[in-house]
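Working notes for the structure below.
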Amino acid sequence: MQRNFARFVHSAARKQLLEKIIRVDHIGELAANYIYAGQMVVMKGTAQSQIIENMWKEEKDHLDIMEKLVAKHEVPPTIFAPIFGAAAYALGVGTALLGKEGAMACTIAVEELIGQHYNDQIKELINDDPVEHKELLQTLAKMRDEELHHHDLGIQNDGLKAPFYQSLKWVIQSGCKGAIWISEKV
Ligand SMILES: [Fe+2]
Ligand SMILES: [Fe+2]
Numbered sequence: 023m024q025r026n027f028a029r030f031v032h033s034a035a036r037k038q039l040l041e042k043i044i045r046v047d048h049i050g051e052l053a054a055n056y057i058y059a060g061q062m063v064v065m066k067g068t069a070q071s072q073i074i075e076n077m078w079k080e081e082k083d084h085l086d087i088m089e090k091l092v093a094k095h096e097v098p099p100t101i102f103a104p105i106f107g108a109a110a111y112a113l114g115v116g117t118a119l120l121g122k123e124g125a126m127a128c129t130i131a132v133e134e135l136i137g138q139h140y141n142d143q144i145k146e147l148i149n150d151d152p153v154e155h156k157e158l159l160q161t162l163a164k165m166r167d168e169e170l171h172h173h174d175l176g177i178q179n180d181g182l183k184a185p186f187y188q189s190l191k192w193v194i195q196s197g198c199k200g201a202i203w204i205s206e207k208v
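Following our numbering, the numbering of the sequence shown begins with 23 at its first residue and continues without gaps.
Written as structure tokens, this is what we have:
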């Protein structure tokens, strides 16, 4: 009886962990798509547009993966999805209006945070059960690697030279942290 109860508590905790991870990653990937959609409105036809298109393509794949996971695990998306989507689109347009460096600075700031965030989730899943979560761990590790590649592309393409880079980074990362905090809960 006691063992059954312990098992019940454990599987409820695992379900909660998975829901938290999938809900926040789903909105994160949706937001990434909105950022690049916004940036491309401004950057279309510029020398950087192909780099942005390529990153956007990987974000489309990420979103596709997360949408399948949302369906598989029946995770309700965060109720703030429309607001975060609009904010991400505005961020994309706004940073691109600062110039190509601004657009790349946005990618650097976001991906630095998201790379860490995926690593934190990977640690949580390994602590819970590396065998049980094997497939998800592989998925998250692949996405993390691609996000970190975007981060590096942002640096290679002069993102650190954006005007007020440090302030811009602080604002973007604070916004992302707030969105992550909320999305892990509702
Ligand atoms: Fe992504
Ligand atoms: Fe990304």
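C-beta atoms are modelled at their ideal positions from N, C-alpha and C, and glycine is treated no differently.
Could you tell me the distance, in whole angstroms, from the CA atom of residue i to the CA atom of residue j?
i: ALA112; j: LEU120; result: 13 Å
i: ILE43; j: LYS207; result: 10 Å
i: VAL46; j: LYS122; result: 28 Å
i: LYS66; j: LYS82; result: 18 Å
i: GLN3; j: ALA69; result: Residue 3 falls outside the range modelled here, since the chain spans only 23 to 208, and no answer is possible.
i: HIS95; j: GLU41; result: 7 Å
i: GLY107; j: GLN178; result: 27 Å
i: THR129; j: ALA201; result: 16 Å
i: HIS48; j: ARG25; result: 34 Å
i: PHE186; j: HIS173; result: 18 Å
i: ILE13; j: VAL31; result: Outside the shown range of the chain, which is 23 to 208, sits residue 13, and nothing can be said about it.
i: CYS198; j: VAL64; result: 22 Å
i: ALA103; j: GLU154; result: 29 Å
i: LYS90; j: ALA53; result: 17 Å
i: VAL132; j: ASP151; result: 28 Å
i: HIS139; j: LEU190; result: 19 Å
i: ALA127; j: HIS171; result: 14 Å
CB-CB under 6 Å to residue i, same chain, minus the five flanking residues each way: which ones, in chain order?
i: HIS84; result: GLU51, MET165
i: GLY60; result: TYR111, GLY114, VAL115
Examine ligand 1 and report whether any of its heavy atoms sits within less than 7 Å of the Cβ of residue i.
i: MET165; result: yes
i: HIS173; result: no
i: ALA54; result: yes
i: HIS48; result: no
i: HIS139; result: no
i: GLU89; result: no
i: HIS84; result: yes
i: ALA146; result: According to the sequence displayed, residue 146 carries Glu and not Ala. Every heavy atom of ligand 1 is 7 Å or more from the Cβ of GLU146, so no.
i: GLU51; result: yes
i: GLU15; result: Nothing can be reported for residue 15: it is not among the residues displayed for the chain, which extend from 23 to 208.
Taking 7 Å as the cut-off, is the CB of residue i close to at least one heavy atom of ligand 2?
i: GLU75; result: no
i: GLU206; result: no
i: ILE136; result: yes
i: GLU157; result: no
Considering residue i, what are the terminal residues of the alpha helix (DSSP H) in which it resides?
i: PRO104; result: 103-119
i: LEU39; result: 24-65
i: ASN76; result: 71-94
i: THR129; result: 122-150
i: GLU157; result: 156-178
Take residue i and list the residues in its own chain whose beta-carbon comes closer than 7 Å to its own, dropping the five residues that flank it on each side.
i: ILE73; result: LEU175, ASN179
i: THR161; result: ILE87
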